[in-house]
Each structure stands twice: as structure tokens, then as C-alpha cells.
Amino acid sequence: MTRFVLSALCWLICVYSLPNAHAQLAEDSFATPWKQLFDGETLDGWTKVGNEKWVVEDGAIFGEGITEEYGYLATNRQYKDFHLSLRFKCEAAGNSGVYIHTSFAPGTAKVTAGRQIEIDRAIGHHTGGLYGDGKGWIVWPAPELETVIRPQDWNELLIKVEGQHYITMLNGVQMIDFTYPSPEAKTGVIALQLHSGGEGRMRFKDIWIRDLSPQPE
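For the numbering used here, add 1 to where a residue sits in the sequence shown, where the first one is 1.
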């Protein structure tokens with residue numbers, strides 16, 4: 002119980018430094034401001050990768066699997082170190098995720114580099130865990146945290162990436178706090194994913210980023 006209480010307190014501290022769709026909330030100690038990645042009306046700043054359906058509906062990005070292939074909606078900009086805040090809702094069975102430090106083979110939806118923060122509404126499928134680098138699962142949440150996901154409702158996800166340090170928080174609970182031992186990830190795009198199989202139906206909204214990437218001098 003203590004772990005949940007502490008995690009929830011940490012989330013409250015973080016979330017009240019975030020802007021959302023309704024108000025500009027209080028600033029925190031970071032000098033770098035939050036910026037909106039999705040304007041709630043268009044897909045400006047994003048690029049479709051693959052053949053899946055990505056549209057804006059009711060102020061949210063709606064992604065739907067219409068083929069048997071993977072599909073992504075990727076930022077036009079690349080990021081290295083950042084904090085990312087968003088809300089998501091799973092409307093059907095199927096796997097999704099947020100890819101980071103991502104690159105694709107030209108003209109295809111084949112990921113050539115990147116790590117994924119898992120999203121899956123099924124209990125026990127490790128939402129908030131870290132997957133990728135051609136190695137499968139890197140780290141996943143403790144079993145007692147798996148029920149944090151809201152299978153039929155909106156969920157709040159906070160992703161912090163600073164160097165090799167990864168933190169994810171789901172609905173106020175810290176899911177992972179992990180330092181990656183391998184060589185540091187390269188700069189890449191952020192991409193919303195629809196898994197292959199044609200089953201996914203996802204909504205994303207209130208997407209904000211704090212870019213902490215080193216700036217060229």
C-alpha cells in the first residue's frame with residue numbers, strides 16, 4: 002500500500018506541472034517549458050508510417066488497424082531526452098505503444114531502431130513496460146501494478162527519458178524506474194503504434210512534451 006501512496010504522490014507532483022487540454026497548470030523547477038505535440042484538431046507535425054488509419058475525431062487522434070501490418074503515427078521532429086505526457090484509450094483488443102528514439106527503413110513501416118513503451122488494455126500485458134532493441138522485453142512492471150490500467154476508459158501516461166534512465170507512470174503509479182546498461186540510444190522520432198493483426202483501435206489526446214535534448218551551440 003505504501004508503494005501505491007508514494008507513487009500517487011509523485012504523480013500528483015508531476016501532473017500539476019503539466020499543461021492539459023483545459024488549463025495551463027503550475028510551472029515546476031524545470032526551465033524547459035512544456036509544448037503541445039497535438040493541437041486537438043489536425044495531424045500537423047505528425048507523419049503516417051504504414052497503411053493504418055490515423056485521423057482526428059472529437060479532439061483526439063484515432064488510430065485503427067485496417068490491414069494485417071504494423072502502423073505508426075510519428076512526430077516530424079526527433080527527440081533524445083524528454084518528458085512526454087499523454088492520455089490514451091483502448092477501444093478494442095490489440096496491442097499498442099509509444100515508440101521512442103525511433104527510425105524506420107525508408108518508405109516502409111519497418112522499425113530499424115527504437116524502444117517501445119507498451120500499451121495494452123489486457124491485465125498482465127505490461128502496460129508501461131519497456132520493450133525493443135530487437136531483444137523483446139527489457140523491463141516490465143511488478144505484477145501487483147498490472148491492475149492500474151483502465152481497460153475501458155482514458156488513462157494518463159507520463160514517460161521520462163533522460164540519458165539511459167527511463168521512468169513511466171500510469172494513472173499516478175510508477176510502473177518502471179530503469180537505467181539501461183547498453184550503449185546510449187540515439188536521437189529519433191516518437192511514434193504512436195498500432196500492432197499488426199488489424200485489431201487495434203486507439204485514441205490519444207492531450208499530448209505534451211518537454212524537450213530536454215542537448216541543443217547545438
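The beta-carbon is built from N, C-alpha and C at its ideal position, and this holds for glycine as well. Quick caveat, the model's predicted, so the values are computed rather than measured.
| Item | Value |
| --- | --- |
| C-beta contact flag for Gly-164 and Gly-66 at 9 Å | no |
| Rounded C-alpha distance that separates Pro-215 from Ala-61 | 30 Å |
| Val-99 versus Ala-32 - alpha carbon distance | 25 Å |
| In DSSP terms, what Tyr-80 is bridged to | Gly-189 |
| Val-149 and Leu-131 closer than 9 Å at C-beta | no |
| Host beta strand (DSSP E) of Ile-67 (start-end) | Note, Ile-67: premise wrong, no beta strand (DSSP E); not H, not E. |
| Nearest residue (CA-CA) to Phe-89, options Thr-128, Arg-78, Lys-81 | Thr-128 |
| DSSP beta-bridge partners of Met-203 | Gly-64, Cys-91 |
| Beta-carbon gap between Arg-211 and Glu-92 smaller than 9 Å | no |
| Span separating the alpha-carbon of Trp-209 from that of Glu-69 | 30 Å |
| Stretch pair the segment 48-55 + the segment 113-129: three plus CB contacts closer than 8 Å | no |
| Under 9 Å between C-beta atoms of Phe-83 and Lys-206 | no |
| Exposure label - His-166; buried when at least 16 CB within 10 Å | exposed |
| Local conformation of Glu-145 per DSSP, three classes | helix |
| Rounded separation between Ser-86 and Gly-173 - CA only | 12 Å |
| When Ile-139, Thr-48, His-126 are compared against Ser-183, the one with the closest alpha-carbon | Ile-139 |
| Residues near Lys-81 in its chain [Cβ-Cβ closer than 6 Å; skip 5 each side] | Thr-188, Ser-214 |
| Span separating the alpha-carbon of Pro-144 from that of Gly-135 | 24 Å |
| Ala-186 and Ala-114 closer than 9 Å at C-beta | yes |
| For Asn-156, the first and last residue of its enclosing beta strand (DSSP E) | 156-163 |
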